[in-house]
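A.B. asks: Following the numbering used here, the numbering of the sequence shown begins with 19 at its first residue and continues without gaps.
Heads up, the beta-carbon is just placed ideally off N, CA and C, and yes, glycines get one too.
Got a structure for you, questions after.
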Amino acid sequence: MNDEAVDFALQGRLDEGRCLEMLVRADDPEGAFQLLKTASKVRDRVFGKEIHCMGPVGPILPCVLEPHCLYCRYWKIKPLDVQTLIKAIKTMEQLGIRRVLLVGGASIDGYDHEIVTLVSTLRQEVKADLEVNVGGPLSAHAVRRLKEIGVVGITASLETINKEAFNRAKPGDSFEGRKALLEVCGTEGLELRSIMMVGCGESDADRVRHLFYLRQFDRLRHLMVSRFTPQPETVWSGHMACSSVEWAKTIAIARLILPRVRIGLGGGTGPDDLPLWYLAGGGNQIFGMAVTTGGSGLNQSEIAIPVNETVSVVNRLPVIEPYFAGLGCTLTFVDRFARGNAGDGRVPKNDRRCDDACC
Numbered sequence: 019m020n021d022e023a024v025d026f027a028l029q030g031r032l033d034e035g036r037c038l039e040m041l042v043r044a045d046d047p048e049g050a051f052q053l054l055k056t057a058s059k060v061r062d063r064v065f066g067k068e069i070h071c072m073g074p075v076g077p078i079l080p081c082v083l084e085p086h087c088l089y090c091r092y093w094k095i096k097p098l099d100v101q102t103l104i105k106a107i108k109t110m111e112q113l114g115i116r117r118v119l120l121v122g123g124a125s126i127d128g129y130d131h132e133i134v135t136l137v138s139t140l141r142q143e144v145k146a147d148l149e150v151n152v153g154g155p156l157s158a159h160a161v162r163r164l165k166e167i168g169v170v171g172i173t174a175s176l177e178t179i180n181k182e183a184f185n186r187a188k189p190g191d192s193f194e195g196r197k198a199l200l201e202v203c204g205t206e207g208l209e210l211r212s213i214m215m216v217g218c219g220e221s222d223a224d225r226v227r228h229l230f231y232l233r234q235f236d237r238l239r240h241l242m243v244s245r246f247t248p249q250p251e252t253v254w255s256g257h258m259a260c261s262s263v264e265w266a267k268t269i270a271i272a273r274l275i276l277p278r279v280r281i282g283l284g285g286g287t288g289p290d291d292l293p294l295w296y297l298a299g300g301g302n303q304i305f306g307m308a309v310t311t312g313g314s315g316l317n318q319s320e321i322a323i324p325v326n327e328t329v330s331v332v333n334r335l336p337v338i339e340p341y342f343a344g345l346g347c348t349l350t351f352v353d354r355f356a357r358g359n360a361g362d363g364r365v366p367k368n369d370r371r372c373d374d375a376c377c
């Protein structure tokens, strides 16, 4: 691999066959090194060395999928009430956050009324830009209403394009419903965030096919790559974890297929994964803050700001800033890509989120 591969990636000239060949070749250490190196070059050409920092808040609604996903215990967490959500978002705003991801629960029947009502209330109380992630499905009408309210993006996640693997891992969920949400969001012109889980029974060919499927959506702006990590008290608690190498290879090939999409860390990852994520072509967005409930443990140097007796906002910046400083990167709260075309790398001057350093 060389600069030709970088140019081909930026021009959208890599096909599925060549990408699968590169991914398979990366089973060899030299092939993996070349893949990660090429992906990093593509990322730097598109995004530079700046990392956008935002924060997730949730759960906003209960997960009522039955049966539960075999790898997940999110359904056990009680949703936050509206006032707690408002206080948590305002706490993040005071720390600099300008963009927040509102995170589910999920319902096979959809949460149209609930999510529109909730976001309408939040939109009147907070200033941050709001994204929504409530699994699937949402109707076209609900997506249209969320756009009218001012939601800037919606998460439409498949986890895997392999339908059999999806149904094994998520027996209470709807593969077709999640695909339909991707289509609806694309039609309605909302920014799309999607999630890909590595290590849930998919093949290399499935991963490449998944990424090329996502490439058809012009509004795709964010892809989070999760690494399957077994969780206690789940059906898959005894399954083998996905290796960090497989995860990194997938990030790298995703960067070549989706050069202008932000590729973030998903579930099953932590601060120690940041250097490998970045070296594999990850970027340019990170969750710098989050909400914890029930006294969840903190990593060293994280700072918890209480919202009430059981809920805190966790400021992760003291942990992650040294990692990025060592990589020559800077963190920013300014979302430089939210209003422009996928590749232009700037926000229009009349955008309220744009500061003087942006344009």
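1) DSSP on His240, reduced to helix/strand/coil?
2) Report the rounded CA-to-CA distance for Phe17 versus Ser244, giving the unit in angstroms.
3) Whole angstroms is fine: what's the gap from Asp21's alpha carbon to Ser221's?
4) Going residue by residue through the segment 285 to 341, where are the continuous alpha helix (DSSP H) segments of at least 4 residues, counting only ones entirely within it?
5) Residue range of the beta strand (DSSP E) that Leu120 falls in?
6) Just confirm the distance between the C-beta atoms of Leu274 and Thr135, as a whole number of angstroms; I'd bet it's less than 8 Å.
7) Exposed or buried, what is Lys96 when buried is set at 16 or more other beta-carbons lying within 10 Å of its beta-carbon?
8) Measuring only the C-alpha atoms, how far is Gly171 from Ala23?
9) Compare the beta carbon distance of Tyr89 and Thr252 with 7 Å and say whether it is the shorter of the two.
10) Apart from the five residues just before and just after Cys71, which ones in its own chain have a Cβ nearer than 6 Å to its Cβ?
11) Which residues bound the beta strand (DSSP E) around Met258?
12) For Cys90, would you say it is in contact with chain D, using Cβ-to-Cβ distances shorter than 7 Å as the test?
13) What are the start and end residues of the alpha helix (DSSP H) that includes Gly171?
14) If you draw a straight line from the alpha carbon of Glu34 to that of Val329, how long is it in whole angstroms?
15) Measuring CB to CB, does Ile321 end up less than 7 Å from Gly300?
16) Roughly how far, in whole angstroms, is the beta-carbon of Leu208 from the beta-carbon of Arg237, given that I think they are within contact range, below 8 Å?
17) Using the beta-carbon count (16 or more within 10 Å), is Cys37 buried or exposed?
18) Taking DSSP as the reference, what is the three-state secondary structure of Asp147?
19) I need the straight-line Cα distance from Val121 to Glu39, nearest angstrom please.
20) If you reduce the DSSP assignment to three classes, tell me which class His159 lands in.
21) Strictly by DSSP, which residues pair up with Ile213?
22) Just curious, the alpha helix (DSSP H) that Ile281 is in, first and last residue?
23) Quick one: Cα of Cys347 to Cα of Lys67, how far?
24) Could you check whether Ala174 and Leu15 sit closer than 7 Å to each other, using their CB atoms as the reference points?
25) Check each candidate in Arg141, Phe230, Asn333, Phe246 and name the one with the smallest Cα separation from Pro308.
26) With distances taken from CA atoms, which of Ser262, Leu113, Ala270, Leu229 is nearest Gly49?
27) Looking at the strands, I want to know which residues DSSP matches up with Ile69.
28) Can you give me the start and stop residues for the alpha helix (DSSP H) that Lys197 sits inside?
29) Write down the C-beta distance between Thr109 and Val337 rounded to the nearest angstrom, noting that I regard them as a contact closer than 8 Å.
30) From which residue to which residue does the alpha helix (DSSP H) around Gln112 run?
31) Roughly how many whole angstroms lie between the Cα atoms of Phe26 and Val263?
32) Relative to the alpha-carbon of Ala343, which residue among Ile69, Val64, Pro47 has its alpha-carbon at the smallest distance?
33) Which residue's Cα is closest to the Cα of Asp290: Gly168, Asp191, Pro340, His228?
C.D. replies: Working from what's here:
1) strand
2) Limits of the chain in this structure are 19 at one end and 377 at the other, which puts residue 17 out of reach.
3) Spanning the two alpha carbons is a distance of roughly 28 Å.
4) 292 to 297
5) 117 to 121
6) About 41 Å; that fails the 8 Å criterion.
7) exposed
8) 31 Å
9) yes
10) Ile304, Gly306, Leu349, Phe351
11) Here Met258 belongs to no beta strand (DSSP E), and DSSP marks it neither H nor E.
12) Reference to chain D is not applicable here, since this structure consists of a single protein chain.
13) Taken as a continuous stretch (DSSP letters only), Gly171 belongs to no alpha helix (DSSP H), being part of the beta strand (DSSP E) at 171 to 173.
14) 45 Å
15) Going by C-beta atoms, Ile321 is not nearer than 7 Å to Gly300.
16) 6 Å
17) buried
18) strand
19) 36 Å
20) helix
21) BP columns for Ile213 point to Met242.
22) It is not in any alpha helix (DSSP H) - Ile281 instead sits in the beta strand (DSSP E) that spans 280 to 283.
23) About 5 Å.
24) Any property of residue 15 remains undetermined from this structure, which presents the chain solely from 19 to 377.
25) Position check: residue 308 holds Ala in this sequence, whereas Pro was assumed. Ranking the options by Cα distance to Ala308, first place goes to Asn333.
26) Ala270
27) Ile69 is bridged to Leu349.
28) 193 to 206
29) Going by Cβ atoms, the distance from Thr109 to Val337 rounds to 18 Å, so no, they are not a contact pair.
30) According to the DSSP assignment, Gln112 belongs to the alpha helix (DSSP H) that extends over 100 to 112.
31) 24 Å
32) Ile69
33) Pro340
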